[in-house]
Amino acid sequence: MSNEQISKLLRNVATAYTIKDEAKFRFQIIAYQKAADSILNNSIELLDYYKDGKLQDIPGIGVSIRGHLEELFATGNVKYFDWALKGIPESVFVLIEIPSFGPKKSYRLVKEFKLTNPKTVIKDLKKIAIKNKIASLEGFGEKSQKDILRAIEEFREGKGKTTRMVLPFAAEISDKILTYLRKSEHMVDARTLGSLRRMVPTIGDIDIAVASNNPEKIIEHFISYPYIDRIIEKGSISASILVSGGRQIDLMVQPPNAFGSLLQHFTGSKNHNIALRELALRKGLSLSEKGIKNLKMKNSKILQYSSEESFYKTLGLEWVPPEIRENTGEVELSIKNKLPKLVEVSDINGDFHLHSNFPIEPSHDLGNNTIDEMIKKAILLKYSHIGFSEHNPSISKHTKDQMYNLIKARNDQIDHILSGNKSIRVLKLLEIDILPSGELAMDDRSLNLLDFAIVSIHSVFSMDKTKMTHRVIKGLSHPKAKVLAHPTGRLLNERPGYDLDWEKVFKFCKENNKALEINAWPTRLDLSDQIIRQAVSQKVKMIINTDSHASYQMENMKYGVAMARRGWAQKGDILNSLGYNKFMEWVKGGEL
DNA sequence: GCCGTTTTCGGCCCGACTGTTTTCAGTCG
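Residue 268 is where the first sequence starts when you use my numbering, and the numbers rise one by one after that.
Below, the structure written as structure tokens:
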């Protein structure tokens with residue numbers, strides 16, 4: 268069972284409890300939802316935790332839920348869940364996937380109209396709404412009947428939060444809205460917050476905070492956005508719209524004096540905020556987007572904060588970088604003033620996974636820009652050294668000698684360009700396939716033309732974990748192989764990536780002076796933040812590369828750095844932060 | 001059901017908005 272399926276199962280238990288007796292099960296509901304969230308956000312298979320007897324390491328999973336999950340893995344079923352879910356038709360759990368459908372509404376509609384077929388429940392409900400049968404129900408009306416129809420329609424079309432965007436796409440939409448908002452004379456400041464500010468790999472909706480003394484005017488301006496599809500909701504200080512393309516934008520306004528608490532609130536994550544608010548409660552304080560209320564003093568005013576720093580400071584906390592606001596230990600460390608100093612874009616001295624358009628007759632895609640163009644871009648980015656890593660010449664279409672000659676020609680081209688340009692150093696690398704056998708797709712004579720090789724998997728992804736781990740380690744074992752590129756092979760919104768035994772891979776990298784790549788390509792972002800954090804804790808070195816196939820893509824470095832930051836990586840964990848000489852020491856096998 | 005800087009017992013975030021209501025329940029983030 269996948270993490271997603273297990274998460275859904277726990278969420279269903281919470282839903283069932285909510286329907287049966289929300290008051291009685293209040294805290295179990297929260298606990299099950301928390302556990303479900305935690306599992307969904309975990310990029311490591313739960314089955315692996317189970318096999319290692321470490322289910323309880325997952326936050327939100329205690330003795331009770333762990334027991335249930337162990338039963339699930341051992342027998343494929345959980346008696347307690349069967350009991351909890353008893354009496355709730357399966358179609359309820361289908362309806363609840365539609366935004367604006369919660370437990371109560373879903374159950375009520377299923378019961379009222381006997382919608383017992385989970386496969387057709389959405390279609391059936393639509394028919395009933397069209398026949399005007401919902402409006403007359405007590406607690407419903409004309410408006411809610413229309414809303415139900417529209418919610419079903421939008422769900423089918425994948426609008427709103429039902430599909431997630433990759434970071435640059437979300438950033439582009441957000442920038443357009445910000446530019447528009449800034450045209451209002453009532454605007455003092457506007458910022459993109461939520462998961463986009465935290466640099467989560469995929470974004471559900473776009474959250475924007477505005478500082479203004481005239482919120483009504485801002486809201487009016489916001490809902491007049493020319494590319495609007497419809498207004499989802501609109502109040503006095505917040506509003507949500509759907510823009511063309513089906514993306515949801517949430518807006519919230521506070522006066523400039525309270526902008527700090529709004530920034531904090533709307534950046535999240537939800538779990539970080541809950542942790543902060545529980546901490547505040549223990550001090551007799553209540554937090555919200557409006558500011559801080561002192562609960563010990565009767566009818567005291569809410570204290571306002573114009574900056575996030577002052578807001579955190581009042582709680583006795585160090586300001587927390589948005590990328591690590593996930594309640595995974597950052598709150599505890601910020602109390603002690605012991606947050607790590609995370610790596611920054613300005614620490615990056617080079618990019619080592621670049622594909623030029625040099626006709627190397629590769630196994631996979633060629634780049635779009637010349638070596639010269641990419642070097643010029645690297646100079647603009649103030650890099651001191653870079654590396655070209657085109658794919659190896661296709662092994663099936665060339666003899667060994669032909670491959671050798673192609674690589675030599677590429678190297679000569681680099682030397683030729685460098686002879687007229689001394690402002691940057693350029694390493695001669697290649698990205699080489701690790702064949703299913705674990706062998707590299709190039710012989711030693713050709714490999715010796717390189718400063719080092721980046722190795723990666725580009726075929727036969729479906730190997731099991733043990734075999735894939737063996738394949739990767741064998742590939743990395745070649746003395747010229749120094750970096751494992753896009754280590755899981757995941758493609759966001761497309762495929763999950765293969766499984767590796769990370770303990771083994773980490774150990775091998777550490778003992779043999781190899782590095783794991785953090786690939787900054789926006790649909791890869793591979794490694795995940797979670798695995799980066801494990802690698803950091805085991806002192807495995809990493810290198811952030813853009814995998815650019817065009818010079819403008821070299822600006823994607825910021826996304827790779829963001830993943831490193833989300834994984835709590837510091838400058839010392841990231842090889843790109845080294846100067847040329849130190850870097851070459853590492854290349855040649857020296858300890859750092 | 002989970003969790004720990006006052007706690008292994010006794011807590012558990014906070015507010016906005018909507019529709020159907022005359023004061024609130026449901027949903028969302």
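No residue lacks a Cβ here, since even glycine has one placed at the ideal position from N, Cα and C.
Bear in mind that the values here come from a model prediction, so they are computed numbers and not experimental data.
Check	Outcome
Cβ distance (whole Å) where GLU582 is taken to contact LEU546 below 8 Å	According to the sequence provided, residue 582 is Leu. The question's Glu does not apply to it. Rounded, the Cβ-Cβ distance is 7 Å, consistent with contact.
Candidates ALA281, LEU600, GLY512 and ASN309: closest to ARG431 by CA position	GLY512
Residues bridged to ALA748 (per DSSP)	ALA720
Proximity winner among PRO468, TYR494, SER441 and ILE499, relative to ALA476 (alpha-carbon distances)	SER441
Those runs of the alpha helix (DSSP H) which lie wholly inside the stretch 778-826 and span at least 4 residues	796-804
For ALA506 and ILE498, believed in contact at Cβ under 8 Å, the rounded distance	7 Å
Cα-Cα separation, THR282 to LEU314	24 Å
Whole-angstrom C-beta distance between HIS620 and ASN780, which should lie under 8 Å	Actually they do not touch by this definition, with Cβ atoms about 19 Å apart.
Supposed contact pair LEU716 and LEU696 - C-beta distance, whole angstroms, cut 8 Å	The Cβ separation is near 10 Å, so there is no contact.
Beta-carbon spacing of ASP391, LEU404 below 8 Å	no
Cβ contact (3+ pairs, closer than 8 Å) linking the stretch 783-791 and the stretch 582-595	no
Endpoints, beta strand (DSSP E) assigned at THR459	456-460
Cβ neighbour criterion (16 or more within 10 Å) applied to HIS335	buried
Assigned exposure category for PHE294 - 16 Cβ within 10 Å defines buried	exposed
Selected residue, minimal CA-CA separation from PRO209, among LYS580, GLN571, LEU606 and PHE578	Outside the modelled stretch of the chain, which goes from 268 to 859, sits residue 209, for which no answer is possible.
C-beta contact flag for TYR374 and VAL359 at 8 Å	yes
Backbone CA spacing between GLN515 and GLY425 [nearest angstrom]	11 Å
ARG833, DSSP secondary structure in three states	helix
CA nearest to the CA of GLU379, picked from PHE526, PHE407, LYS386 and GLY846	PHE407
Boundaries (first-last residue) of the beta strand (DSSP E) holding HIS521	Contrary to the premise, residue 521 reads as Gln rather than His in this sequence. It spans 514-521 - the beta strand (DSSP E) in which GLN521 sits, taken as one unbroken run.
Beta-carbon proximity list for ASN270, same chain, < 7 Å, skipping 5 on both sides	ILE306, LEU307, ASN309, GLU312 and LEU313
8 Å Cβ cutoff met for PRO523 and VAL455	yes
Nearest-angstrom Cα separation, counted from LEU434 out to GLY558	30 Å
Bridge partners - LEU554, DSSP secondary structure assignment	ILE559
Close beta carbons around GLY471, own chain, < 6 Å, minus the five adjacent residues each side	LYS428 and ARG431
Inter-residue Cα distance where the pair is TYR826 and VAL610	12 Å
Rounded separation between ASP324 and TYR316 - CA only	8 Å
Under 8 Å between C-beta atoms of VAL750 and ILE810	yes
Assigned secondary structure, MET432 (DSSP; H/G/I helix, E/B strand, else coil)	strand
When ASN540, LEU783 and GLU590 are compared against TYR579, the one with the closest alpha-carbon	ASN540
First through last residue of the beta strand (DSSP E) which encompasses VAL477	473-478
Residue interval of the alpha helix (DSSP H) (run including ALA402)	No alpha helix (DSSP H) holds ALA402; DSSP gives it neither H nor E.
In chain order, each alpha helix (DSSP H) run of at least 4 residues that lies wholly inside the stretch 338-400	346-352, 357-362, 370-379 and 388-397
When SER656, LEU647, ALA438 and SER651 are compared against PRO626, the one with the closest alpha-carbon	SER656
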